[in-house]
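Some notes on the structure that comes next.
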Amino acid sequence: MKTTWTKTAPRRREFRDAKEPGVRRSFAERCSIGSTTFGLVGGALLFAATAQAKLNVVATTPDLGAIAHEIGGNQIELTTMARPTEDPHFVDARPSFIVKLNRADALIHGGAELEGGWLPKLVEQARNARIISAAQGNVNCCEGVRMLEVPDQLDRSKGDIHATGNPHYLVDPVNAKIVAHHIADAFGQLDAANREFYETNAKKFSATLEAKLAGWQAKLAPFQGQQLVAYHNSWVYFAQRFGLRIDLFLEPKPGIPPSPAHLASVMAKMKETGARVIIVDPYLNRRTAETVARGTGATVVDVAQFPGGVKGTEAGYIPLMDYLVDVLAKALGETK
Ligand SMILES: [Zn+2]
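Numbering (my numbering) for the sequence shown: 6 to 341.
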């Protein structure tokens with residue numbers, strides 16, 4: 006797969022796939038970061054892991070890092086690349102990442118092209134055979150997740166960064182369980198001596214999520230079917246799990262900055278549907294959301310996909326979910 010980048014906005018870039026445009030790709034292919042992107046380079050096994058050492062794990066985003074920590078505990082040495090306040094599609098690729106990736110036993114990534122604009126190049130530069138696509142240490146977390154918004158035909162012509170489906174699946178706690186077990190399996194294969202430890206931790210995390218889920222659903226139950234507005238289309242899995250409608254966006258397409266004409270149509274739809282809450286991730290333009298809120302009498306609510314993206318969520322995935330459910334229940338309750 007040949008991947009090139011073109012600039013579409015000061016911060017946002019799209020990546021184009023030279024592979025047959027319009028051809029629908031298989032699930033495995035869609036979730037993959039491209040097996041032919043990374044060539045095996047001689048000497049790539051130079052940094053073979055020493056026996057009994059902790060697993061060197063690199064996670065792309067803080068949500069994956071938080072779940073990896075739940076599973077790996079003190080048996081892994083964890084590096085998370087994206088900051089909690091950073092856009093997962095456009096992470097600032099620091100040179101230190103290449104060193105970390107070079108030494109990694111496992112690379113945990115979201116797949117489904119979430120990191121398509123920045124990760125493939127780093128993996129290529131890291132020259133580590135243990136983490137390239139199809140290697141045991143390449144942990145593609147979207148495997149086993151039921152992807153939403155997968156198009157019938159692949160079309161990147163409009164600069165859509167969700168061209169192969171919506172990659173923000175981890176805001177659904179049920180998907181977090183799938184990912185936790187996937188990570189535990191991978192760790193167990195890479196470090197058989199601690200397999201039971203990883204499996205036990207995954208089961209514990211899963212059970213906690215299961216126990217919390219009913220409470221979260223109960224808190225949001227009074228707001229079933231209500232329309233919310235999001236800046237970027239990263240809440241569809243959350244909306245589906247909790248019975249909300251989050252399908253009105255300030256961006257005309259994922260990754261494309263809002264235009265005045267588009268915002269005017271969003272405001273018209275908000276008045277039509279009675280939407281009174283606009284949710285914004287920390288890396289997006291809050292001022293645009295505030296302008297729309299002023300024009301419609303809506304409230305802007307700070308949300309995050311990642312632990313630590315908003316204050317009080319630093320402790321992990323479950324505190325983040327607690328925050329999201331509470332802040333949305335409060336905002337929707339006040340604007341009812
Ligand atoms: Zn996105």
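Glycine included, each C-beta is placed from N, C-alpha and C at the ideal position. The structure presented is a predicted model; accordingly, all values stated were derived computationally and were not measured.
Is N171 near ligand 1, with its Cβ less than 8 Å from a heavy atom?
yes
Just to confirm, are P67 and P324 a CB contact at a threshold of 9 Å?
no
If you check the beta carbons only, do N133 and H114 fall under 9 Å apart?
no
Could you check if T205 is buried or exposed, using at least 16 other CB atoms within 10 Å of its CB as the buried criterion?
exposed
Sequence-distant residues of its chain with Cβ nearer than 6 Å to P89 (five each side left out):
P67, F311, G313 and G314
What is the rounded straight-line gap between the Cα of E295 and the Cα of G302?
10 Å
With respect to the beta strand (DSSP E) encompassing Q232, which residues constitute its N-terminal and C-terminal limits?
Q232 to A235
Let me know the beta strand (DSSP E) ranges lying completely inside the segment 104-183, each 3 residues or longer, listed in chain order.
111-114 and 143-145
By DSSP's criteria, A64 is part of a beta bridge. Which residues make up the other side?
T85 and I113
Grab me the residues of A298's own chain with a C-beta within less than 7 Å of its C-beta, minus the 5 sequence neighbours each way, in chain order.
I283, T304 and V305
Is L112 close to ligand 1? I mean its beta-carbon at under 8 Å from any heavy atom of the ligand.
no
Bridge partner(s) assigned by DSSP for L253:
V234
For Y236 and R161, I'd like the C-alpha separation in whole angstroms.
20 Å
Does ligand 1 have a heavy atom nearer than 8 Å to the CB of G116?
no
Distance between L225 and L333 (C-alpha atoms, nearest Å)
8 Å
Span separating the alpha-carbon of H267 from that of I261:
11 Å
State the beta-bridge partners of K276 as determined by DSSP.
For K276, which the question treats as bridged, DSSP gives no partner whatsoever.
So for T304, helix, strand or coil by DSSP?
strand
Who are the Cβ neighbours of N143 in its own chain at under 7 Å, not counting the five residues just before and after it?
L112, I136 and I137
Rounded to the nearest angstrom, what separates A109 and E277 at their Cα positions?
51 Å
Suppose you measure from the CA of H74 to the CA of L255; what does that come to, to the nearest Å?
34 Å
Using the rule of at least 16 other Cβ atoms within 10 Å of the residue's Cβ for burial, across every protein chain shown, is A71 buried or exposed?
buried
In its own chain, which residues sit with a C-beta less than 6 Å from the C-beta of H173, not counting the 5 before and 5 after it?
S239
Under the DSSP definition of a beta bridge, which residues are partnered with V282?
T304
Can you tell which of V128, E120, W123 and G121 has its C-alpha closest to the C-alpha of V104?
V128
At the level of alpha carbons, what is the spacing between L195 and V330?
36 Å
For K316, is the classification buried or exposed, using 16 other Cβ atoms within 10 angstroms of its Cβ as the cut-off for buried?
exposed
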